[in-house]
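Comments concern the structure below.
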Amino acid sequence: MINPRGTRRRLAITILAVFAIVAVFVIRLVDIQVVRAAELTDEASQRRTGTVTTYGVRGSILDANGVVLADSVERFNITAAPNNFDKALKLGTTWMRKDGELVKVPVAEAVEAVANAIDEKSADLYSTLTADPSSSFVYLTKSVTLKVFKKVRDLNIGWIYSELNPARTYPSGSIAGNLVGYVGTEGAQAGVELTSNSCLAATNGKSTFESSRDGVRMPGSTIVQTQAKDGGDVELTIDADLQWYAQQALAEQGTALGAEWATATVVEVKTGRMVVAADWPYIDPNDRSTFDSFGGGSRLFAAPFEPGSIIKVATFAALLNAGKITPSTPVTVPGRYTDGLPAGASIKDAWAHDTINLTATGVLMNSSNIGTAILGTNLTKQQRHDALTSFGFNKKTEVGFNGESSGIVKPVDQTDAITAVTQEFGQGMSATSAQVASMYQTLGNGGVRMPLTLVDGCRQADGTLTDQPSPTGTRVVSEYAANTTVQMMETVASQGSLKNVLTIPGYRVAAKTGTAQVAENGRYGSDRIVSVAGLVPAENPEYAIVVTFAKPDTMKTSAAAAPTFNAIMKQVIKTFRITPSTTPAPSLPLTW
């Protein structure tokens, strides 16, 4: 017979037990879903979610015709999850693709396979993987090629990952290497890479993914958190072919002369665009051993020097502009000049002579320091100073190249009596090759100075060109003064001592030579800096060319620079198909 009281007791106990069990589950559920929800969610996320950087591609640097001077190539970082490696290590085996099949292998074998693929020592790799077993990320190697990446990927090891990391390459090598600069481990370091970094730089993104318990990334689980953005392309004004030609011409003559360095500049007269800006010795951004004291920069912008007689044209243009002379103004030129100089000081010409009668044109053609000093007395010291600074000396060019120098033209109140005169013919002051080229551009452009430009703009991903320069010309001297100075310069090419080297059949050439003494320890020694600068065609100049060699051993006059000037000018004529001259040069008297 069933006892009702016992049945009720057992039922009550059962119900209480059920309630107790349910209460335990409810309490546990509340603890998991409410009390510790955030903590457990974060822990689960850390265990199953990984974050990777997605790299944008840095923009390219191109010449004026689209030739690639700097580009980005696919490179990969090989990474690992030490915490997942630690799990495999404890098990003693891990999954790896071997002979085309996914099989379990000893962990040591997998480490050896990865080490061989990335060309590292397995012992070093093991140390990296075990340095922090709790870490979920570590780099095994960076910037490996696609070939190496494929080797690692094909191993199909769960705790090995990879990420795309574009690297910099310079396919044109040393062509315009002094301008391009380079990107190092700390980012853009020199040249256009640095000065145009705001255009070139990419913006990296971020993605997350989920992985299985054994660390294998789960397909289809990647979520882009921040989209990567590629950089823009920088378009230069440089013509790579002409730049290469100029670099080769400088190297050939520089080596023959035993020179220390050399520069060549070609500027489009109407616009101020630099189509050649060459240095020798040249720099290859792919090879750091070629970098000089400018750290991959450009001597043409960064190394001021006393330019010598190529500066005289600024003095003559200022005199013509002020109405103080004409091309036929007579000058009596003695063998030595002492007027206004301290006792014992004197100025002489590069060649010994008695008193001679030259016109202003003859003074320029013969590059007479004495004649220039005499004519310069028609201007005040301030006017002579302003004649130089108005052409852009004593300040950096508008290019804004990294490491650029402003050169030196001392203020009048800091200029002694000798320097006030010698500055008129390029001694006692300093300038960069870029500044000198800017002066000749101004004279060729009828006295209007256009800001030098090296970058045409930033080509965005949608094809639009931004950051374009909007150069506004500044009148320095009158059109008459500029054009007359150019006509006087023609006599250097047609009647001077270097006429056989400087002339180009069918073309009128305006030129000026320069041989400057080099100061060392406060005194001028035997070293020289030699230059030839000029314009073509003289009747309507299209391009200004300046060539300079520093401290040549075998020939220490401007004759050393003349062949290279001539060769580059001929190449400029061919490249830009300059029309031959159709009118003769004016006949200007040299003596009286």
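Residue 98 in numbering that gives the first Met the number 0 sits at position 99 of the sequence shown, with consecutive numbering throughout.
Beta carbons are placed, not taken as given, at the ideal position from N, Cα and C, and that holds for glycine.
Cβ shell of residue i (< 7 angstroms), same chain only, five flanking positions each side left out
i: T578; result: none
i: E111; result: S121
i: G505; result: P579 and S580
i: T465; result: G456, C457 and Q459
Buried versus exposed, by CB contacts within 10 Å (16 or more), residue i
i: A276; result: buried
i: K511; result: buried
i: Q426; result: buried
i: D70; result: buried
i: N155; result: exposed
i: V102; result: exposed
i: T452; result: buried
i: R383; result: buried
i: R57; result: buried
i: G343; result: exposed
i: N64; result: exposed
i: F564; result: buried
i: Q422; result: buried
i: W591; result: exposed
i: L589; result: buried
i: N115; result: exposed
i: W350; result: exposed
i: P468; result: buried
i: L387; result: buried
i: V151; result: buried
i: T553; result: exposed
i: S288; result: exposed
i: R298; result: buried
i: P170; result: exposed
Enclosing alpha helix (DSSP H) for residue i [first to last residue]
i: Y244; result: A239 to L256
i: D70; result: Here D70 belongs to no alpha helix (DSSP H); instead the beta strand (DSSP E) covers V67 to V72.
i: M488; result: E478 to Q494
i: K380; result: K380 to T388
i: K146; result: L145 to L154
i: Y523; result: No alpha helix (DSSP H) holds Y523; the beta strand (DSSP E) holding it covers R522 to V535.
i: R298; result: R298 to A301
For residue j and residue i, the rounded distance between their alpha carbons
i: G307; j: A316; result: 16 angstroms
i: V104; j: M95; result: 7 angstroms
i: S493; j: A537; result: 12 angstroms
i: K149; j: L139; result: 15 angstroms
i: V475; j: G391; result: 9 angstroms
i: F136; j: T463; result: 40 angstroms
i: F75; j: S134; result: 21 angstroms
i: N482; j: S389; result: 17 angstroms
i: A584; j: D385; result: 30 angstroms
i: G296; j: N320; result: 37 angstroms
i: T172; j: G399; result: Position check: residue 172 holds Gly in this sequence, whereas Thr was assumed. Taking the straight line joining both Cα atoms gives about 23 angstroms.
i: T358; j: P326; result: 7 angstroms
i: L318; j: T328; result: 11 angstroms
i: T581; j: L363; result: 25 angstroms
i: E108; j: K97; result: 11 angstroms
i: I417; j: I355; result: 23 angstroms
i: G176; j: P284; result: 6 angstroms
i: A460; j: D278; result: 32 angstroms
i: E73; j: N83; result: 27 angstroms
Residues near residue i in its chain [Cβ-Cβ closer than 6 angstroms; skip 5 each side]
i: G190; result: L178, V179 and G180
i: K311; result: T371 and F424
i: S404; result: A301, P303 and T431
i: V66; result: A239
i: G230; result: R57, G58, L199, A200 and A201
Start-to-end residues for the beta strand (DSSP E) that takes in residue i
i: D232; result: D232 to L235
i: E162; result: I159 to L163
i: M568; result: First-last for M568: A561 to F575, but that is the alpha helix (DSSP H), not the beta strand (DSSP E).
i: G186; result: G186 to A189
i: L101; result: E100 to P105
i: V330; result: P329 to V332
i: L88; result: No beta strand (DSSP E) contains L88, which is instead part of the alpha helix (DSSP H) from P81 to L90.
Note to self: Tell me whether the segment 231-241 and the segment 516-531 touch, counting them as touching only if at least three CB pairs, one residue from each stretch, are closer than 8 angstroms.
What the structure shows: no
Item checked: Contact between the segment 437-447 and the segment 262-269 (3+ Cβ pairs under 8 angstroms) -> yes
Note to self: I'd like to know if the segment 487-503 and the segment 524-541 are in contact, where contact means that at least 3 CB-CB pairs between them fall below 8 angstroms.
What the structure shows: yes
Check: Quick one: any contact between the segment 409-418 and the segment 244-253, if contact means 3 or more CB pairs under 8 angstroms?
Finding: no
Next item on the list: Say whether the segment 496-505 touches the segment 553-561, bearing in mind that this needs 3 or more beta-carbon pairs closer than 8 angstroms, one atom from each stretch.
Entry: yes
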